[in-house]
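Read the structure below first, then the notes.
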Amino acid sequence: MESVITNLSESEKEISFTYTAEEIKPVLDAEISKQIKKIQIDGFRKGKAPMHIIKRVYGDALEYDAAEKISNKLFWENVKSQNINLIGEPALVDLNFKPGEDFSFKVRFEVFPVIEVKNYKDNEIEVPDLIATDVEVEQEIRRIRLSNATNEPADVVLDDNFIIEVDLQRLSNEGTPIDGAFQKGVKIQLFNEQVNKEIVEQAKDKKVNDTFKFSFHDHTHHNHEEQTENHDDHIYTYEATIKSIEKVNLPELNEEFIKRITREKSTTEEELRSNILKDLQSYYNSTVDEMTDIQLEKKILDSNKFSVPKYFVDNYLQEMFKQETERAKQEKKRLPEQAKFIESNRMKAENSVKWILLRDEITKLENVTLSDERIEEIAKENAEKIGLTADVLLNYYKSDEMKSQLLSKEIYRYLKENNKIVKINPDDYNKKMKSI
Numbered sequence: 001m002e003s004v005i006t007n008l009s010e011s012e013k014e015i016s017f018t019y020t021a022e023e024i025k026p027v028l029d030a031e032i033s034k035q036i037k038k039i040q041i042d043g044f045r046k047g048k049a050p051m052h053i054i055k056r057v058y059g060d061a062l063e064y065d066a067a068e069k070i071s072n073k074l075f076w077e078n079v080k081s082q083n084i085n086l087i088g089e090p091a092l093v094d095l096n097f098k099p100g101e102d103f104s105f106k107v108r109f110e111v112f113p114v115i116e117v118k119n120y121k122d123n124e125i126e127v128p129d130l131i132a133t134d135v136e137v138e139q140e141i142r143r144i145r146l147s148n149a150t151n152e153p154a155d156v157v158l159d160d161n162f163i164i165e166v167d168l169q170r171l172s173n174e175g176t177p178i179d180g181a182f183q184k185g186v187k188i189q190l191f192n193e194q195v196n197k198e199i200v201e202q203a204k205d206k207k208v209n210d211t212f213k214f215s216f217h218d219h220t221h222h223n224h225e226e227q228t229e230n231h232d233d234h235i236y237t238y239e240a241t242i243k244s245i246e247k248v249n250l251p252e253l254n255e256e257f258i259k260r261i262t263r264e265k266s267t268t269e270e271e272l273r274s275n276i277l278k279d280l281q282s283y284y285n286s287t288v289d290e291m292t293d294i295q296l297e298k299k300i301l302d303s304n305k306f307s308v309p310k311y312f313v314d315n316y317l318q319e320m321f322k323q324e325t326e327r328a329k330q331e332k333k334r335l336p337e338q339a340k341f342i343e344s345n346r347m348k349a350e351n352s353v354k355w356i357l358l359r360d361e362i363t364k365l366e367n368v369t370l371s372d373e374r375i376e377e378i379a380k381e382n383a384e385k386i387g388l389t390a391d392v393l394l395n396y397y398k399s400d401e402m403k404s405q406l407l408s409k410e411i412y413r414y415l416k417e418n419n420k421i422v423k424i425n426p427d428d429y430n431k432k433m434k435s436i
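First residue of the sequence shown: 1, per our numbering; consecutive thereafter.
This is the structure in structure tokens:
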């Protein structure tokens with residue numbers, strides 16, 4: 001017997017077997033004898049029909065069927081003897097058999113790829129330097145006050161702390177009403193930053209049934225196959241008739257209000273502003289941390305090109321589809337079509353599987369572990385953030401599922417410590433990302 005293994009990729013192999021007619025005959029005869037014992041032919045007891053009768057009924061079919069069955073048996077015997085660890089199901093891709101002649105066949109199978117991880121240390125990773133500002137604190141306080149505001153009818157618009165209901169009539173370039181371009185009962189929150197500033201200005205000092213005009217520019221960009229770009233600049237003019245006015249009464253930032261909205265975590269305006277600034281910065285830190293992880297993943301993936309087992313990718317895609325289907329059901333949205341979902345997400349799944357294999361290999365190479373002491377340290381770090389005691393959090397972290405998640409975070413921690421993370425101006429970062 002001769003066997004040859006061919007590496008089709010890092011994760012796929014093909015093994016070919018060749019047996020001489022003399023080598024395969026006893027194995028083939030034994031398999032045929034098994035099949036004969038199961039054959040029932042009229043006039044004979046089960047398994048007792050003479051060979052020439054069986055041959056006349058089945059021809060060479062028994063031998064061909066036996067050849068396919070023994071190819072499977074011989075393959076698994078060979079795999080076991082060579083200590084090959086397969087992934088998924090092997091596939092018989094070629095079988096050459098004629099009674100009395102040499103016998104050969106080929107089987108393809110997947111294995112764990114042998115990965116030599118490169119360039120996972122000493123890289124330079126750029127991330128935005130996100131810093132919370134007093135302006136953002138002021139915006140958040142205004143948002144809080146607006147969400148707790150009360151409204152009352154008013155006679156005149158004095159500032160942007162008003163809501164107006166208007167009827168809108170679009171006007172032609174000549175200033176005449178355009179038929180069919182009328183909207184009734186449109187509510188406009190003048191304090192909303194998305195509202196056209198001209199509307200806010202023109203509405204001031206107006207009363208119910210007063211009218212005002214405003215315009216807005218529509219800048220439309222058209223990209224063409226010839227890589228040329230057209231700019232359409234349209235100016236639309238409207239006349240608004242005020243039908244009702246509501247004054248928005250913002251609550252005072254007194255101790256009672258601050259205690260209520262913060263659940264007594266703050267009592268003074270100074271404390272409120274300080275805690276908002278702290279929360280915003282914490283959010284930005286988490287965001288940058290996640291962006292760093294993503295950039296590290298991308299850098300390492302780009303430096304390590306290899307094929308991954310299709311079996312893993314298919315399983316990952318099925319899990320993705322299952323989760324997306326459950327999410328759609330919960331949100332009462334249209335369920336995804338499986339074929340389209342799998343096709344559009346295959347690349348994402350391949351990269352995810354690649355990263356899992358690379359991450360696990362780095363874990364082994366660098367002996368990244370999660371000690372009990374480290375779990376206690378993480379529990380203490382996070383206890384205050386989420387409002388639980390360290391002991392309660394520690395018990396939760398000691399579950400197998402959480403240990404796996406924490407170990408994954410430890411790997412990212414190791415990568416951050418062994419790569420240079422450079423924080424740059426957010427505007428510069430965004431420009432670089434757009435140019436990629």
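For glycine and all other residues, C-beta sits at the position ideal for the given N, C-alpha and C. Quick caveat, the model's predicted, so the values are computed rather than measured.
At the C-beta level, residue 87 and residue 311 come within 7 Å of one another. For residue 109, the enclosing beta strand (DSSP E) stretches over residues 103–111. Between residue 239 and residue 211 a beta carbon distance of about 6 Å is seen, short of the 8 Å cut, so the two are scored as contacting.
Residue 128 counts as buried, since at least 16 other C-beta atoms from the protein chains shown sit within 10 angstroms of its C-beta.
For the 7 Å CB-CB criterion, residue 362 and residue 117 form a contact.
For residue 372, DSSP records no beta bridge to any residue. Secondary structure within the region 347–407: the alpha helix (DSSP H) runs of 4 or more consecutive residues, fully enclosed, are 372–386 and 390–397 (chain order).
In this structure the region 96–109 touches the region 3–22; the number of beta carbon pairs closer than 8 Å is three or more.
DSSP, read as helix, strand or coil, puts residue 93 in strand. Contact check for residue 15 and residue 33: beta-carbon distance about 27 Å, past the 8 Å limit, so the pair fails to qualify. Per the Cβ contact rule, the region 156–169 is in contact with the region 178–193 (3 or more Cβ pairs under 8 Å). For residue 317, the CB contacts under 7 Å within the same chain, skipping 5 residues up- and downstream, are 342, 345, 346 and 349 in chain order. The way I'd put it, the region 401–410 doesn't touch the region 275–289; fewer than three beta-carbon pairs between them come closer than 8 Å. Selection 351, 243, 399 and 428 evaluated against residue 372 yields 399 as nearest (Cα-Cα). Using a 10 angstroms sphere on the CB of residue 137, the tally of other CB atoms reaches 16 or more, which defines it as buried. For the beta strand (DSSP E) assignment, the uninterrupted runs of no fewer than 3 residues enclosed by the region 148–189 are, from N- to C-terminal side, 150–153, 162–171 and 177–189.
Checking the DSSP bridge columns, you'll see residue 216 partnered with 236.
By the neighbour-count definition (other C-beta atoms within 10 Å, threshold 16), residue 274 is an exposed residue.
The alpha-carbon of residue 144 is positioned some 30 Å away from that of residue 216. If you check the CB distance, residue 12 and residue 110 come in under 7 Å. The DSSP-derived three-state label of residue 421 is strand. For residue 6, the uninterrupted beta strand (DSSP E) run begins and ends at 2–7, by DSSP. The shortest CA-to-CA distance from residue 130 to any of 260, 430 and 435 is the one to 430. Excluding sequence positions up to five before and after residue 336, its CB lies within less than 6 Å of the CB of 324, all in the same chain and listed in chain order. If you draw a straight line from the Cα of residue 424 to the Cα of residue 302, it is about 22 Å long.
The Cβ atoms of residue 247 and residue 152 sit closer than 7 Å to each other.
Distance between residue 321 and residue 25, taken at the CA atoms: about 49 Å. A distance below 7 Å between beta-carbons, with the five flanking residues on each side excluded, links residue 200 to the following residues of its chain, in chain order: 160 and 190. Cα atoms of residue 185 and residue 209: separation of roughly 13 Å, rounded to the nearest angstrom.
Residue 85 and residue 78 have their C-alpha atoms some 12 Å from each other. In the three-state reduction of the DSSP assignment, residue 127 falls in the strand class, which pools E and B. The DSSP assignment places complete alpha helix (DSSP H) segments of no fewer than 4 residues inside the region 263–346 at 269–303 and 310–330, in order along the chain. Straight through space, the alpha carbons of residue 80 and residue 115 are spaced by roughly 23 Å. Straight-line measurement puts the Cα of residue 340 at about 14 Å from the Cα of residue 334. When DSSP reads this structure, residue 146 sits in no beta bridge, so it has no partner. With a cutoff of 7 Å on beta-carbon distance, residue 280 and residue 132 are scored as near each other.
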